[in-house]
Amino acid sequence: GAGVSQSPSNKVTEKGKDVELRCDPISGHTALYWYRQRLGQGLEFLIYFQGNSAPDKSGLPSDRFSAERTGESVSTLTIQRTQQEDSAVYLCASSPGGNTIYFGEGSWLTVV
Amino acid sequence: GQNIDQPTEMTATEGAIVQINCTYQTSGFNGLFWYQQHAGEAPTFLSYNVLDGLEEKGRFSSFLSRSKGYSYLLLKELQMKDSASYLCAVRSTRSNDYKLSFGAGTTVTVRA
């Protein structure tokens, strides 16, 4: 597609359930990022991929969070045993390298 | 890591000028970015500064002083559609992974 695509756009889940969030980056973009944004707050870095490897996982908040990327394309962010504090919008971005990062519309997660 | 500070909120009148300041502390500096984010939407790229000075793009200008760890985004001839959150982001030379660290954002409200 023309831009970064994320799914689902909205997800409501019960506390304790696992969720998977998907990101389709712009074709050919080697770098892929996940950020989290809580309501009224700034973007919090979670993880970065270069190709299929993740040289920087420093932002993952706990071992309940994991991410993978395959085929130098699609990435999945998995949150296990969700907690209410996980409620946020999860933004994926991709970049061909250089000075521009393109964001998707985000996946809005609500844990009830 | 980086400390990035910007005001939480600003209000201005349609047709006026608003200046959003951003100060940062980083271990190595490799560029400063401004993004615009409308409520419920993805951030969109506005500007990039890596050298000291002013970059002008139509109604928007961005300034950088590396020695002072300071940037501002200037919005001229404000329009109602400029009501949004403006995010300052810094890239560090500590890693070469193009990771951006974001401030909490400044919510600008344009009044008629």
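One line per chain: the protein sequences are E and F, in this order. Counted the way my numbering counts, the first sequence spans residues 17 to 128. Counted the way my numbering counts, the second sequence spans residues 6 to 117. The C-beta atom is built at its ideal place from N, Cα and C for all residues, glycine as well.
If you keep only unbroken beta strand (DSSP E) runs of at least 3 residues inside the region 42-82 of chain F, you get 49-54, 58-62, 65-70 and 75-80. By the neighbour-count criterion, in which a residue is buried when 16 or more other Cβ atoms sit within 10 angstroms of its Cβ, residue 49 of chain F is exposed. Residues are counted here when their Cβ sits less than 9 Å from a Cβ of chain E; for the region 37-67 of chain F these are 38, 40, 42, 45, 46, 47, 48, 49, 50, 53 and 55, given in chain order. Between the alpha carbons of residue 117 of chain E and residue 109 of chain E lies a distance of about 6 Å. In the same chain as residue 67 of chain F, and ignoring 5 residues on each side of it, the C-beta atoms closer than 6 Å to its own belong to 39, 52, 54, 60 and 78, in chain order. Scanning the region 19-81 of chain E from its first residue to its last, no whole alpha helix (DSSP H) run of 4-plus residues comes out. When DSSP reads this structure, residue 126 of chain E sits in a beta bridge with E:28.
Straight-line measurement puts the Cα of residue 99 of chain E at about 6 Å from the Cα of residue 32 of chain E.
Neighbours of residue 108 of chain F across chain E, judged by C-beta separation under 8 Å: 58. Distance from residue 47 of chain E to residue 66 of chain E at the Cβ level is roughly 6 Å; contact confirmed, criterion being Cβ atoms closer than 8 Å. Within the model, the alpha-carbon separation for residue 126 of chain E versus residue 29 of chain E is close to 6 Å. Proximity of residue 105 of chain F to chain E, defined by a Cβ-Cβ separation below 8 Å, is satisfied.
Excluding the 5 residues flanking it on each side, residue 18 of chain F has same chain C-beta neighbours closer than 8 Å at 83, 115, 116 and 117, in chain order. Judged by DSSP secondary structure, residue 87 of chain F falls outside any beta strand (DSSP E); it is assigned neither H nor E.
Secondary structure of residue 100 of chain E (DSSP, three-state): helix.
Taking all protein chains shown into account, residue 24 of chain F has fewer than 16 neighbouring C-beta atoms within 10 Å of its C-beta and is therefore exposed.
Among the residues of the region 83-94 of chain F, those with a Cβ less than 7 Å away from any Cβ of chain E are 92, in the order of the chain.
About 11 Å separates the beta carbons of residue 74 of chain F and residue 93 of chain F, which is beyond the 8 Å limit, so they are not a contact pair.
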